[in-house]
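**Q** To start, I am sharing the structure in question, which I have written as structure tokens.
Numbering (our numbering), first residue to last: 671 to 1205.
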């Protein structure tokens, strides 16, 4: 799951969840997935009329090193690829690997695709792949911890063996993690070893990067092993402000973008020359607490009260103009591993008030909750890049005021929130469930006592035990029951409050063709896109 927290994105943009075929193909006992297709796939030619795509990106970057920021250079720039990929239907599929097979509880054999060339013309073999994986694991200890990989070694020219630190059903999903994308040892690096000009195997190759403006340019890789890309060039411009991205797409300064202000959706739908797509994505808006220790939030009844006080349907329909849906749990209901029996929290301000009363928080003469002489007040922090965050925060502010909780809203850069936020405060974030396509990953990192995202200090021994059991359970049906139980517990205890499921707005000029929506990825571009009919 990736939270938009720049620290978390940088550290762990390792986060997420999804998928069915994977559960049978990648994780069942001694299972094997194969793809016999190799190189040389062609695609019908497109009339090349200035095949340059200009993209407005809401996130900037100061690095092109896949081991540090894999999602940008892989999913948007399409320079690098993973051994295993994630498809639009949330299943794992062959990438640079054609098959993966579990040899025992901790050892997996990965068969590489033959005949793949890096963008400098050199051949991809197990030697380069092992180097790339070992480098990523060494460079980023968090990656090693999250993926649970202990050792990687060659097993012939086109095969490698991966050993996990204990039984781990999630290894195939870990290999789809963007920070483990394969990069050539010939990539240009700084003296300290940071890659500044990556050489991968993807359909596009690095051309230029302006570290001042954040603009990245990539060009078509004519020797790509898969379906040949149709665009000659992609220019990715850093435009953090949603309103600026909106105006840029209207004026034609860019051809493609995401995350425009929700209030402008209807205008775009009625604008000639612009095409807008609204689709649910494996991302959630959630409300997190500063700390569950020594604060009002340590009381489960208080957390439940806040959850009951939130009008999710109203937020989805009015604050977000219908570009969202009320969240019942932490996974989209369409995800294979979502617990379908979870009903979530209804909008019930009276029940919220009763729970607060039971917890000792009484209304004073000003209509604010008070306990032992302390006013129930908090600052709700959020950030500007995601257009839905501010209106959601303001709606929650109003709804909590109605039950007697005083909330101030502050919008600031995400990198500054963790320093500003106190234990009694709250934060509203957008969190992805898809960076690593496996339910245990998201649940472990979010609700495990030592989870990387669990900055609020939630701890439940039963949850920790279930998460450890799920990681070492290779039978998909048994594993699903384990994760269903985890979802039931965290829904009841609400250490974090799911608010609404995120729907993304993808906006493009009508001459942009070939777009395929993939809810499983962070970024939206795909190599089959092209320009046709630009005037």
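Backbone N, C-alpha and C fix where the C-beta goes; we use that ideal spot for every residue, glycine too.
Is the distance from the Cβ of residue 1113 to the Cβ of residue 1166 below 8 Å?
**A** Here residue 1113 corresponds to residue number 443 of the chain shown, with the count starting at 1. Here residue 1166 corresponds to residue number 496 of the chain shown, with the count starting at 1. Cβ atoms of residue 1113 and residue 1166: not closer than 8 Å.
**Q** When you compare the region 1087-1095 with the region 951-971, are there three or more beta-carbon pairs, one atom per stretch, that lie closer than 8 Å?
**A** Short answer: they touch.
**Q** Please determine, among 808, 751, 791, the residue with the shortest C-alpha to C-alpha distance to residue 782.
**A** Within the chain shown, numbered from 1, the residue matching residue 782 stands at position 112. It is 751.
**Q** Anyone know if the C-beta pair for residue 999 and residue 989 falls short of 8 Å?
**A** As a first step, residue 999 must be located in the chain shown, where it is residue number 329. As a first step, residue 989 must be located in the chain shown, where it is residue number 319. No; because the gap between Cβ atoms is not below 8 Å, this pair is not in contact.
**Q** Roughly how many angstroms separate the alpha carbons of residue 1010 and residue 1072, rounded to a whole number?
**A** In the chain shown, the residue the question calls residue 1010 occupies position 340. In the chain shown, the residue the question calls residue 1072 occupies position 402. Whole-angstrom Cα-Cα distance: 31 Å.
**Q** I'd like the ranges of any beta strand (DSSP E) spanning at least 3 consecutive residues and lying wholly in the region 887-929.
**A** Correct list: 903-908, 926-928.
**Q** Report the three-state DSSP secondary structure of residue 633 (helix, strand or coil).
**A** Residue coverage of the chain in this structure runs from 671 to 1205, which leaves residue 633 outside it and unanswerable.
**Q** Tell me where the alpha helix (DSSP H) around residue 1061 begins and ends.
**A** Here the question's residue 1061 lines up with position 391 in the chain shown. Counting along the chain, the alpha helix (DSSP H) containing residue 1061 begins and ends at 1059-1072.
**Q** Expressed to the nearest angstrom, what Euclidean distance is found between the alpha-carbon atoms of residue 744 and residue 848?
**A** As a first step, residue 744 is located in the chain shown; it is residue number 74 there, counting from the start. As a first step, residue 848 is located in the chain shown; it is residue number 178 there, counting from the start. Straight-line Cα distance between these residues: approximately 7 Å.
**Q** Shorter than 8 Å from the beta carbon of residue 1091 to some beta carbon of chain B?
**A** The structure shown has no chain B; it contains just one protein chain.
**Q** Could you compute how far the alpha carbon of residue 867 sits from the alpha carbon of residue 1125?
**A** On the chain shown, position 197 is the one that residue 867 refers to. On the chain shown, position 455 is the one that residue 1125 refers to. If I take the Cα positions, the gap works out to 34 Å.
**Q** Which of helix, strand or coil does DSSP assign to residue 869?
**A** Taking the chain shown and counting its residues from 1, one reaches residue 869 at position 199. Three-state result, residue 869: coil.
**Q** How about residue 749 and residue 879: are their beta carbons less than 8 Å apart?
**A** The residue labelled residue 749 in the question sits at position 79 within the chain shown. The residue labelled residue 879 in the question sits at position 209 within the chain shown. The answer is no: Cβ separation not under 8 Å.
**Q** Skipping 5 residues on each side, what residues in its chain have a beta carbon closer than 7 Å to that of residue 827?
**A** Translated into positions along the chain shown, residue 827 becomes position 157. These residues qualify, in order along the chain: 795, 796.
**Q** Between the alpha carbons of residue 1049 and residue 1190, how many angstroms are there, rounded?
**A** As a position in the chain shown, residue 1049 is number 379, starting the count at 1. As a position in the chain shown, residue 1190 is number 520, starting the count at 1. Each residue's alpha carbon lies about 32 Å from the other.
**Q** Please go through the same chain and pick out, in chain order, the residues whose beta-carbon is closer than 8 Å to the beta-carbon of residue 1067, but skip the five residues on each side of it.
**A** Residue mapping note: residue 1067 aligns to position 397 of the chain shown, counting from 1. If we look at residue 1067 and ignore the five residues flanking it on each side, its Cβ neighbours are 1050, 1077, 1078, 1079.
**Q** In its own chain, which residues sit with a C-beta less than 6 Å from the C-beta of residue 1195, not counting the 5 before and 5 after it?
**A** The count along the chain shown starts at 1 and reaches residue 1195 at position 525. Within the same chain, residue 1195 has close Cβ partners 746.
**Q** Relative to the alpha-carbon of residue 903, which residue among 733, 790, 888, 893 has its alpha-carbon at the smallest distance?
**A** Looking up residue 903 in the chain shown gives position 233. Considering only alpha carbons, the answer is 888.
**Q** Using the Cβ count rule (16 or more neighbours within 10 Å means buried), how would you classify residue 834?
**A** Walking along the chain shown from the start, residue 834 turns up at place 164. With 16 or more other Cβ atoms within 10 Å, it is buried.
**Q** Would you mind reading off the limits of the beta strand (DSSP E) that contains residue 877?
**A** Position 207 of the chain shown holds residue 877. Note, residue 877: beta strand (DSSP E), 874-880.
**Q** In terms of alpha-carbon separation, which member of 774, 840, 772, 832 lies closest to residue 801?
**A** The residue given as residue 801 occupies position 131 in the chain shown. Closest option to residue 801, Cα to Cα, is 832.
**Q** Any contact between the region 1015-1032 and the region 949-961? By contact I mean 3 or more CB pairs, one from each, below 8 Å.
**A** Because the criterion of three Cβ pairs below 8 Å is not met, the region 1015-1032 and the region 949-961 do not touch.
**Q** What span of residues does the alpha helix (DSSP H) with residue 1111 cover, start to end?
**A** Within the chain shown, the letter at position 441 stands for residue 1111. Taken as a continuous stretch (DSSP letters only), the alpha helix (DSSP H) holding residue 1111 covers 1109-1117.
**Q** Closer than 7 Å to a non-hydrogen atom of the ligand SAH - does that hold for the CB of residue 767?
**A** For the structure depicted, the ligand SAH is absent and the ligand set is empty, with no information on it obtainable.
**Q** How would you label residue 1120, buried or exposed, when you count the other beta carbons within 10 angstroms and need 16 or more for buried?
**A** As a first step, residue 1120 is located in the chain shown; it is residue number 450 there, counting from the start. When all chains shown are included, residue 1120 counts as exposed.
**Q** Could you pull the start and end residues of the beta strand (DSSP E) that residue 1022 belongs to?
**A** Mapped onto the chain shown, residue 1022 falls at position 352. Looking at the DSSP string, residue 1022 is not in any beta strand (DSSP E); the run it does join, the alpha helix (DSSP H), is 1019-1028.
**Q** Using the Cα positions of residue 733 and residue 739, report the straight-line distance between them to the nearest angstrom.
**A** As a position in the chain shown, residue 733 is number 63, starting the count at 1. As a position in the chain shown, residue 739 is number 69, starting the count at 1. Approximately 7 Å, taken between the alpha carbons.
**Q** Return the chain-ordered ranges of every beta strand (DSSP E) run that is complete within the region 803-827 and spans a minimum of 3 residues.
**A** Complete beta strand (DSSP E) runs here, min 3: 819-824.
**Q** Can you tell me which of the three DSSP states residue 783 falls into?
**A** The count along the chain shown starts at 1 and reaches residue 783 at position 113. Here residue 783 sits in coil by DSSP.
**Q** State the start and end residues of the unbroken alpha helix (DSSP H) segment that holds residue 996.
**A** Numbered from its first residue, the chain shown carries residue 996 at position 326. Unbroken run through residue 996 is the beta strand (DSSP E), 994-996; no alpha helix (DSSP H).
**Q** Grab the span of the alpha helix (DSSP H) containing residue 1140 for me, first residue to last.
**A** Reading the chain shown from its first residue, position 470 is the one you call residue 1140. Looking at the DSSP string, the run of the alpha helix (DSSP H) that includes residue 1140 is 1131-1141.
**Q** DSSP three-state call for residue 982: helix, strand or coil?
**A** In the chain shown, residue 982 corresponds to position 312, counting from 1. The answer is helix: DSSP assigns residue 982 an H, G or I state.
**Q** Using the three-state DSSP reduction, which class does residue 974 fall into: helix, strand or coil?
**A** Against the chain shown, residue 974 aligns to sequence position 304. The answer is helix: DSSP assigns residue 974 an H, G or I state.
**Q** Where in the region 735-781 do unbroken runs of the alpha helix (DSSP H), each at least 4 residues long, occur, reported from the N-terminal end onward?
**A** Within the region 735-781, the complete alpha helix (DSSP H) runs of at least 4 residues are 736-741.
**Q** Taking residue 1159 and residue 1133 to be in contact with their CB atoms under 8 Å, please state how far apart those CB atoms are, rounded to whole angstroms.
**A** Working through the chain shown from its first residue, we reach residue 1159 at position 489. Working through the chain shown from its first residue, we reach residue 1133 at position 463. So it is a contact: roughly 6 Å between Cβ atoms.
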